[in-house]
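Structure, as structure tokens:
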Amino acid sequence: MLDRPLVVSGELSWLGGDRLQRRVEHPQQETSTIADGEVTQQREGRSPRHFSLKRAPQLQVLLDSFVALLGGDAARLQQAFEVRQEGDARGAWTLTLVPRDARVAKTVASIRIDGYANASRCMHLQEADGDLAVDLLGPLAARMPAEPTREALQALCQSTP
Amino acid sequence: MRRGARAALLIGWLLALAGLGWMVSQRLHVSTDLRSFMPAPTTPDQRLLMEQVGEGPGSRLLLLAIHGQSDAKLAALSQGLAAALKKDSRYSQVLNGSFDLGALDERLLPYRYLLSPTLDTQPLDEVYLADQLQQRLDDLSSPAASLLKGLLPRDPTLEVLQLAERWAPAKSPQLREGVWFSPQDEALLLVQTAAAGFDPGAQQQSIDGIRQAFAALPGSAGATLEPSGPGYFSVVAAAQTRQQADWIGRISTAGFIALLLLAYRSFSSLLLSALPIASAALAGIAALTLAFPEVHGITLAFGFTLLGVAQEYPIRVLSHRRAGEDALASVRTLWPLLLTAIASACIAYLAFYASGVNGLKQLALFTIVGLLVAGCSTRYLLPHLLPRRVHDVADMRWLIRARTFVDRLPRPRWIPVAVAAAIVAMLALARAPLWQDNLAALTPLPADLLQRDARLRQALGAPDVRYLLVLEAPSAQGVLELSERLQPQVDALLARRAADALELPSRYLPSVAVQRARQARLPDRATLQRALDQALQGLPFRADLFQPFVDDVQAARTLPPLTPERYAQTPLGQRLAAMLVPRDGHWLGLGTISGVHDLAALQALGADTHGAVRLLDLKAASESLVVDYRTRILQALAAAALLLVLTIALALRSLRRAWHVLAPMTLATFLVLAVERVAGVEISLFHLVALILAGGLGLHYALFFERDTGDAAEQRRTLHATIVCVLSALLVFGMLAWATIPVLRAIGLTVSLGVAFHFCLSILMAPHARQD
């Protein structure tokens, strides 16, 4: 759909429970909140948009994986995904999550999280239609290239800090 | 009559009944639409009411609540049920809050530029497109991306979403798991049935269909589905009434049989005396099936009640038989009186026929045919079959004592005067309103059902069933244009919170004029392509991504404007069809209103439109309809009363004797009315029907008591017959008086009181006993 990748930067915070907030600062200010099964999107100078989480399976997956990862809830992770772990828990590791729900799998093919020791560094959301969303987390976020390519991001994620 | 001939007669009679029964079973179509029991409407509002009561958007709406499971499971059930019902032609609209792009038919998608008001203020130029595309780009990086991605190439300005928002109920309930939920954690659905709201039979089928679809869903076992709404209420009310009438009917039938066995101590007499009644009922229904394409359920229920008068005919024959006398001989002596009674009853029911109400016409035909058949078969057939040997009731000891007691009762001449004075005093004292005009009060619903309905209605923002804004114009387009002109005023009213929501027809379909104006504003292919190319500069979208959008705009420019007829095949078109109805070469638009706060402001809406726009209060219209109805029945009754006086006077060939028959009957009728008034009972149509029935019975008592035979034994037989009749009527209707459904109670109480008063007054005012 797009000729070149879309780059946004901001903050993703876990508000506890099933609540997640995503604040985008660049290129456009926007705050999205997932709470109580509903997504609220607030953009500067516009009225907020609401929609149900059910209608955005991609977000449900994101929420499930984030909350389970951040909360250290292995059972929840196992329930929603087929989990595959590679690498070294003290060095570089990769966690691959494949949604168990067939309906969800129609939009989200898999989630891959790259990390080093006890920190997650990148999150790759592979959509079923071939689109890929890559989130650089923590210190890596500052190193987002201006004109990113899949290959460059791949290298960045798997580099040693 | 010889034994062989009797057997032949009996078999012939039974065969005739079987034949009638077969014919009835082949031809009888019972309708349950309550409207055929309402009077023909005269004012435009009343006519609209009659249509709206059945077909109106509000009355066809069922509100469904599903509870008893986790939110996620309830949401899945809600989605499953909505999907199942959308495929079923019994339901014209199913809403559960889930966002449904399918609401606009695929083929109609290009029409979005003619339906949506966005482009009225905003041309599809470079500036607008650039702003929209930038927003879409932001959307793609936002959580809404997966939601909108599919729409983007064809609809970058998200016109479809604008329309979906515009068509969503004005005040939506909370969305959870993608579907509507009430604050009480129930998943909510709105279903509009194709069937009329006040047709309990058709509504029953619609509700059964919903229950079946729900039960077929996986995981529905642990959850509960609760419907509400006018259609469901009509089903509940009909079922409740039938249930009570059934068990009361069973008990009183058993009692009635026991009473007759006790009175005549003969099984064969009992069975044979059932034949005239059975013939009456079958012949009545057969006549109805010949005269009307459909017979109303209420006609049958009331008709059987009114035929209760006919049970007196065989009772009189049985009681008046003398030992050793041929049954035929005793019938011959009774016949003049019976004939007078039958003729008078038929005249009274003719008044119903003159009322002009379809249901009452049916009732009149059924009862008149029934009474004539019962009377004639009692006179010409029954006596030939009755057993020859009977014991004469006149010799029973208790009866002799009873007759002596009755004869000794003081019969002062001032009794009628005293009773009349008492009636006048009671009527003057009564404080309660005289008439009960609220039809709903007669079949009240359990309070918890009404509370739930109010709660769901509020949660769903469902329209009020009471008020409608009526827009009138010579054509459908005229109505839509009127509706568009009215919209700003309505918006202002809503901003002032005069009502929670007011939906006009133009919300779903703009007029052709507006659609053409929007078409004229759409750019041609080259202009649009140029604007799009410029807007895309600096944005990462693929250059040919928006080709479907350009194609759609081009298609929209040359489309024939969407008319209600073309729109009708889509789900939304059906919603519109309920709001846009043709009437005698005119068209009416119906605006639904929810949460009325300021009635006066809504009424003022149409003040300077000369009636083109007006607020219709369906409750007021229904009450005015009932008042008209009652006026007609009262007029018909007055005419019937005059005819009755003439008939009795002619039959008895004496005004004095006619007075002795009619005076107790009239006084007793008014006495019932006075007693009920003092007791605070508001008089409804059903009370009037019951008074007529009691009057018919009272006429029999008075006629027979007035008869001077000069034979003490015959007087005792008269007393016996009357006591059996009174007791059986008290048994049947006294039981009804205990019912909790007001309709049944009204009939039971009125007839029981009536029978008692008629009996007492006709004994006390019988002329010859006083002369003894």
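Chains as they are written, first to last, in my numbering: chain A, 4 to 164; chain B, 4 to 775. Beta carbons: idealized from backbone N, C-alpha and C, even for Gly.
Task: Supposed close pair A/L15, A/R25 - CB separation, criterion 8 Å - done: Taking the first residue of the first sequence as 1, we reach residue 15 of chain A at position 12. Taking the first residue of the first sequence as 1, we reach residue 25 of chain A at position 22. Indeed they touch by this definition, with Cβ atoms about 5 Å apart.
- [ ] Report the partner residues of A/E33 according to the DSSP bridge assignment.
- [x] By one-based count along the first sequence, residue 33 of chain A stands at place 30. Answer by DSSP bridge pairing, in chain order: A/V27, A/R46.
Open item on the list: I want to know whether the segment 196–210 of chain B touches the segment 232–252 of chain B - three or more CB-CB distances under 8 Å.
Closed with: yes
TODO: Run the CB neighbour count on B/P585, radius 10 Å, all protein chains shown included, and call it buried at 16 or more, exposed below.
DONE: If you number the second sequence from 1, residue 585 of chain B lands on position 582. Its Cβ having fewer than 16 others within 10 Å, B/P585 is exposed.
Open item on the list: Looking at B/L155: is its Cβ nearer than 8 Å to the Cβ of B/R139?
Closed with: To locate residue 155 of chain B, count along the second sequence from 1; it is residue 152. To locate residue 139 of chain B, count along the second sequence from 1; it is residue 136. In this structure, B/R139 lies closer than 8 Å to B/L155 by Cβ.
Open item on the list: Quick check on the DSSP output: what are the complete alpha helix (DSSP H) runs of length 4 or more inside the segment 713–770 of chain B, in order along the chain?
Closed with: 715–740, 745–767
TODO: Per DSSP, which residues does A/F54 bridge with? Please list them.
DONE: Taking the first sequence and counting its residues from 1, the one referred to as residue 54 of chain A is at position 51. Its beta-bridge partners are A/V42.
Task: Touching by the beta-carbon criterion (3+ pairs, under 8 Å), the segment 724–741 of chain B and the segment 319–329 of chain B - done: yes
- [ ] Name the one or two DSSP bridge partners that B/H70 has.
- [x] Taking the first residue of the second sequence as position 1, residue 70 of chain B is located at position 67. For B/H70, which the question treats as bridged, DSSP gives the partners B/T227.
- [ ] Examine chain B for any beta-carbon lying closer than 8 Å to the beta-carbon of A/D6, and answer yes or no.
- [x] As a working note, residue 6 of chain A is residue 3 in the first sequence. Closer than 8 Å to some Cβ of chain B, the Cβ of A/D6 qualifies, so yes.
Task: Cut-off 8 Å between Cβ atoms - residues of its own chain near B/Q247, not counting five sequence neighbours on either side - done: As a first step, residue 247 of chain B must be located in the second sequence, where it is residue number 244. Around B/Q247: A742, T743, I744, L747.
- [ ] Kindly indicate the opening and closing residues of the alpha helix (DSSP H) around B/M429.
- [x] Indexing the second sequence from 1 puts residue 429 of chain B at position 426. 418–432 is the span of the alpha helix (DSSP H), which, as asked, contains B/M429.
Open item on the list: Quick check: the segment 590–598 of chain B against the segment 466–483 of chain B, are at least 3 beta-carbon pairs closer than 8 Å?
Closed with: yes
Task: Nearest-angstrom Cβ-Cβ length linking A/E130 and A/T110, presumed shorter than 8 Å - done: To locate residue 130 of chain A, count along the first sequence from 1; it is residue 127. To locate residue 110 of chain A, count along the first sequence from 1; it is residue 107. That pair is a contact at about 6 Å.
Open item on the list: Between B/H723, B/T45, B/T753, which has its C-alpha nearest B/D395's C-alpha?
Closed with: Locating residue 395 of chain B in the second sequence gives position 392, counting from the first residue. For the residues B/H723, B/T45, B/T753, the minimum Cα distance to B/D395 belongs to B/H723.
- [ ] Would you mind sorting B/P449 into buried or exposed? The rule is 16 or more other CB atoms within 10 Å of its CB.
- [x] Within the second sequence, residue 449 of chain B is the residue found at index 446, counting from 1. B/P449 comes out exposed.
TODO: Check A/D21 in the structure and name its three-state DSSP category.
DONE: Along the first sequence, read from residue 1 onward, the residue named residue 21 of chain A stands at position 18. Looking at A/D21 - three-state DSSP - the assignment turns out to be coil, as it is neither helix nor strand.
Task: Pairwise C-alpha distance: A/D39 and A/G19 - done: Reading the first sequence from its first residue, position 16 is the one you call residue 19 of chain A. Reading the first sequence from its first residue, position 36 is the one you call residue 39 of chain A. Cα-Cα distance, rounded: 12 Å.
Open item on the list: Do B/P508 and B/V482 have their beta-carbon atoms positioned less than 8 Å apart in this structure?
Closed with: By one-based count along the second sequence, residue 482 of chain B stands at place 479. By one-based count along the second sequence, residue 508 of chain B stands at place 505. For B/V482 and B/P508, yes; Cβs fall inside 8 Å.
Task: Among A/A122, A/I114, A/D67, A/A120, nearest to A/G133 - alpha-carbon criterion - done: Counted from its first residue, the first sequence places residue 133 of chain A at position 130. Considering only alpha carbons, the answer is A/I114.
Task: DSSP-derived helix/strand/coil call for A/M126 - done: By 1-based counting over the first sequence, the position of residue 126 of chain A is 123. If DSSP states are grouped into helix, strand and coil, A/M126 belongs with the strands.
TODO: Note down, in chain order, each residue of its chain lying with its Cβ closer than 6 Å to the Cβ of B/Q537, except the 5 sequence neighbours on either side.
DONE: For the purposes of this step, residue 537 of chain B is taken as residue 534 along the second sequence, with counting starting at 1. Around B/Q537: E129.
Open item on the list: Using beta carbons (cut-off 8 Å, strictly below), is B/S144 in contact with chain A?
Closed with: Numbered from 1 along the second sequence, position 141 holds the residue referred to as residue 144 of chain B. It does; some Cβ of chain A falls within 8 Å.
TODO: Examine chain A for any beta-carbon lying closer than 8 Å to the beta-carbon of B/R157, and answer yes or no.
DONE: Position 154 of the second sequence, counted from the start, is the residue given in the question as residue 157 of chain B. No, no contact with chain A.
TODO: With distances taken Cα to Cα, identify the nearest neighbour of B/Y356 among B/A68, B/L602, B/E679, B/A642.
DONE: Position 353 of the second sequence, counting from 1, holds the residue named residue 356 of chain B. Considering only alpha carbons, the answer is B/A642.
Open item on the list: By alpha-carbon positions, which one of B/I254, B/P551, B/L752 ends up nearest to B/L112?
Closed with: Position 109 of the second sequence holds residue 112 of chain B. B/L112 has its Cα closest to that of B/P551, out of B/I254, B/P551, B/L752.
Task: Span separating the alpha-carbon of B/A501 from that of B/G234 - done: Your numbering for residue 501 of chain B matches position 498 in the second sequence. Your numbering for residue 234 of chain B matches position 231 in the second sequence. Going from the Cα of B/A501 to the Cα of B/G234 covers about 28 Å.
Open item on the list: Is it the case that the segment 753–760 of chain B contacts the segment 679–698 of chain B, given that we only count it when at least three CB pairs across the two stretches are under 8 Å?
Closed with: yes
Open item on the list: So, for A/A136: in the same chain, excluding its five sequence neighbours on each side, which residues have a beta-carbon less than 6 Å away from its beta-carbon?
Closed with: The residue labelled residue 136 of chain A in the question sits at position 133 within the first sequence. Result list for A/A136: L128, in chain order.
- [ ] Tell me, please, whether the segment 283–295 of chain B touches the segment 20–28 of chain B by the rule of three or more beta-carbon pairs shorter than 8 Å.
- [x] yes
Task: Residue nearest to B/A604 in terms of C-alpha spacing, selected from B/L505, B/R93, B/L67 - done: Counting from one through the second sequence, the residue named residue 604 of chain B turns up at place 601. Of B/L505, B/R93, B/L67, the residue nearest in Cα terms is B/L505.
Task: For A/R115, the three-state DSSP class (helix, strand or coil) - done: Position 112 of the first sequence, counting from 1, holds the residue named residue 115 of chain A. Strand at A/R115.
- [ ] Starting from A/Q31, find everything on chain D with Cβ-Cβ shorter than 7 Å and list it in chain order.
- [x] Considering every chain present, this structure includes no chain D. Its protein chains are A and B.
TODO: State the CB to CB distance for the pair B/R719 and B/L402, rounded to an integer number of angstroms; the pair is presumed to be in contact (CB under 8 Å).
DONE: Taking the first residue of the second sequence as position 1, residue 719 of chain B is located at position 716. Taking the first residue of the second sequence as position 1, residue 402 of chain B is located at position 399. Confirmed, Cβ separation roughly 5 Å.
Open item on the list: Can you give me the C-alpha to C-alpha distance between A/G48 and B/L136, rounded to a whole angstrom?
Closed with: Along the first sequence, read from residue 1 onward, the residue named residue 48 of chain A stands at position 45. Along the second sequence, read from residue 1 onward, the residue named residue 136 of chain B stands at position 133. Taking the straight line joining both Cα atoms gives about 16 Å.
TODO: Determine the chain B residues that contact A/L9 at a beta-carbon separation under 8 Å, and present them in chain order.
DONE: Within the first sequence, residue 9 of chain A is the residue found at index 6, counting from 1. Those within 8 Å of A/L9 in chain B are L140, L143, S144, P543.
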